[in-house]
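Numbering-wise, the sequence shown is residues 51 to 308 according to my numbering. Heads up: the structure comes next, in structure tokens.
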Amino acid sequence: MGHMDHFSAGWVTPVLSYVMACVGSALGLRCTVRALEAVGSSKRNWLLLASLAIGSGIWTMHFVAMLGFSVDGSPIRYDVPLTALSLLIAVAVVAAGVFTAGYGRSRVTSVLLGGLGTGLGVAAMHYTGMAALNLHGEVDFDPVLVIASVLIAVVAATAALTLTLIVRGPVLATAAALVMGLAVSSMHYTAMYAVSISLKPSSAALPGATATEFIFPLAVVLGSFLFLAAAYVALSPTGKRHESAAELLREVELSTAA
């Protein structure tokens, strides 16, 4: 069995990955709140941005953490199409959960179904990303820990949505992002401890790209997107401020016409 090191780069990768998970979660949850204050295409656009933020955040968290993953006795390569697919799956499945939360009539049902969809999106992204792992050996998973990792993702995503959509306030919004970031990180490392590797030594070249060739540049791009999107959300008016501005504009137009 191959010896695995989850922290070969020290504490840099787990800390940075947690920060990225929190940033993506905070942005996505904030966009979901904005969506509840909006209507029509604006509502849809906020929910799309929420899906992209959470999906990108959890993907970046996973693969930043994987930069610190190594196996004694074998190099590691990543299947590029499968790695890209894991990002698309994360965004798509999270979108299903976020749109359910945004458009649902019952707030409780919306939170439960939204948490389920978001949690499953986290899990689906992780295990698709693990399927993209190429090394000289076979990768197996402990089914009990796999189930535990999925439950962690679903329960914590539901808790984060509950704090965001049912109970409002900046302190709870921050707590929700920290909870969801912790959920994504906990799910990742629980799932990684479910891994066992049976090495098959070989001198053959492995297919795929190294982490620095593909994953790191894409993680930088997604991280930049998250921070730019966060700036956009911070500077954009809330629904109430937008309505006040629109009302003021109508009053000015009426007074001018008179």
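We treat Cβ as the ideally placed atom computed from N, Cα and C, and that holds for glycine.
Here's the rule I'm using: 16 or more other beta-carbon atoms within 10 Å means buried, otherwise exposed. How should residue i be labelled?
{"i": "Gly-129", "result": "Reading the sequence as shown, one finds Asp at residue 129 and not Gly. Answer is buried; the Cβ neighbour count reaches 16."}
{"i": "Ile-265", "result": "buried"}
{"i": "Ala-244", "result": "buried"}
{"i": "Arg-155", "result": "exposed"}
{"i": "Gly-60", "result": "exposed"}
{"i": "Tyr-309", "result": "Since the first residue of the chain shown is 51 and the last is 308, residue 309 is not available in this structure."}
{"i": "Ile-15", "result": "The displayed coordinates of the chain run from 51 to 308. Any statement about residue 15 would go beyond what the structure contains."}
{"i": "Ala-284", "result": "exposed"}
{"i": "Ala-173", "result": "buried"}
{"i": "Ala-140", "result": "buried"}
{"i": "Leu-2", "result": "No answer is possible for residue 2: it lies beyond the span of the chain, which begins at 51 and ends at 308."}
{"i": "Ala-254", "result": "exposed"}
{"i": "Val-271", "result": "exposed"}
{"i": "Ser-274", "result": "exposed"}
{"i": "Thr-45", "result": "What is shown of the chain runs 51 to 308, which leaves residue 45 out entirely."}
From residue i to residue j, what distance separates their C-alpha atoms?
{"i": "Ala-296", "j": "Gly-152", "result": "Reliability fails at Ala-296, whose pLDDT of 42 lies under 50, so the model's placement of it is uncertain and the value that follows must be treated cautiously. C-alpha separation (whole angstroms): 24 Å."}
{"i": "Met-116", "j": "Pro-125", "result": "13 Å"}
{"i": "Lys-250", "j": "Val-189", "result": "11 Å"}
{"i": "Ser-58", "j": "Thr-260", "result": "15 Å"}
{"i": "Leu-310", "j": "Val-204", "result": "The displayed coordinates of the chain run from 51 to 308. Any statement about residue 310 would go beyond what the structure contains."}
{"i": "Phe-85", "j": "Val-148", "result": "Sequence inspection shows Ala at residue 85; the Phe mentioned does not correspond to that position. Roughly 10 Å separates the two Cα atoms."}
{"i": "Met-175", "j": "Val-89", "result": "30 Å"}
{"i": "Ala-282", "j": "Met-242", "result": "Contrary to the premise, residue 282 reads as Tyr rather than Ala in this sequence. C-alpha separation (whole angstroms): 34 Å."}
{"i": "Leu-211", "j": "Thr-178", "result": "24 Å"}
{"i": "Val-161", "j": "His-238", "result": "23 Å"}
{"i": "Val-234", "j": "Glu-87", "result": "27 Å"}
{"i": "Ala-145", "j": "Ala-100", "result": "8 Å"}
{"i": "Ala-181", "j": "Leu-132", "result": "7 Å"}
{"i": "Val-196", "j": "Ile-202", "result": "10 Å"}
{"i": "Pro-193", "j": "Leu-77", "result": "32 Å"}
{"i": "Val-221", "j": "Pro-267", "result": "34 Å"}
{"i": "Pro-257", "j": "Gly-167", "result": "33 Å"}
{"i": "Gly-107", "j": "Ala-209", "result": "18 Å"}
{"i": "Thr-159", "j": "Val-83", "result": "16 Å"}
{"i": "Leu-79", "j": "Leu-98", "result": "12 Å"}
{"i": "Ser-75", "j": "His-112", "result": "14 Å"}
{"i": "Ala-207", "j": "Ala-225", "result": "12 Å"}
{"i": "Ser-183", "j": "Arg-127", "result": "Sequence inspection shows Leu at residue 183; the Ser mentioned does not correspond to that position. Distance between the alpha carbons of Leu-183 and Arg-127: 6 Å."}
{"i": "Arg-157", "j": "Ala-134", "result": "33 Å"}
Does the beta carbon of residue i come closer than 8 Å to any beta carbon on chain B?
{"i": "Leu-137", "result": "Of the protein chains in this structure there is only one, and it is not chain B."}
Using C-beta distances below 6 Å, list every residue in its chain close to residue i, excluding the 5 sequence neighbours before and after it, in chain order.
{"i": "Ser-120", "result": "Asp-55, Ser-58"}
{"i": "Ala-223", "result": "none"}
{"i": "Ser-252", "result": "His-186"}
{"i": "Gly-164", "result": "Gly-147, Thr-150, Ala-151, Leu-211"}
{"i": "Gly-118", "result": "Phe-57, Ser-58, Ala-59, Thr-63"}
{"i": "Ser-136", "result": "Met-175, Thr-178, Gly-179"}
{"i": "Ser-236", "result": "Ile-202"}
For residue i, which residues does DSSP report across the bridge?
{"i": "Glu-188", "result": "Ser-248"}
{"i": "Asp-55", "result": "Ser-120"}
{"i": "Leu-135", "result": "DSSP output for Leu-135 lists no bridge partner at all."}
{"i": "Arg-127", "result": "Asn-184"}
{"i": "Ala-259", "result": "Tyr-128"}
Using a Cβ-Cβ cutoff of less than 7 Å, which residues in the same chain neighbour residue i once the five nearest sequence positions on both sides are dropped?
{"i": "Val-114", "result": "Thr-63, Leu-66, Ser-67, Met-70, Ala-269"}
{"i": "Ser-286", "result": "none"}
{"i": "Phe-191", "result": "Ala-244, Val-245"}
{"i": "Cys-72", "result": "Ala-227, Leu-228, Gly-231"}
{"i": "Val-143", "result": "Gly-167, Leu-170, Gly-171, Ala-174"}
{"i": "Leu-102", "result": "Val-141"}
{"i": "Thr-240", "result": "Leu-195, Ala-198, Ser-199, Ile-202"}
With a CB to CB cut of under 8 Å and the five nearest residues on each side skipped, what residues in its chain are close to residue i?
{"i": "Glu-303", "result": "With a pLDDT of 49 at Glu-303, under the threshold of 50, the predicted position of this residue should be treated as unreliable, and no value is reported."}
{"i": "Cys-81", "result": "Trp-96, Leu-97, Leu-99, Ala-100, Ala-103, Val-283"}
Does at least one heavy atom of the ligand NAD sit under 7 Å from the Cβ of residue i?
{"i": "Leu-99", "result": "Only the bare structure without any ligand can be found here, which leaves the ligand NAD out of the picture."}
query = With a cut-off of 8 Å, do at least 3 Cβ pairs link the stretch 269-278 to the stretch 82-96?
reply = no
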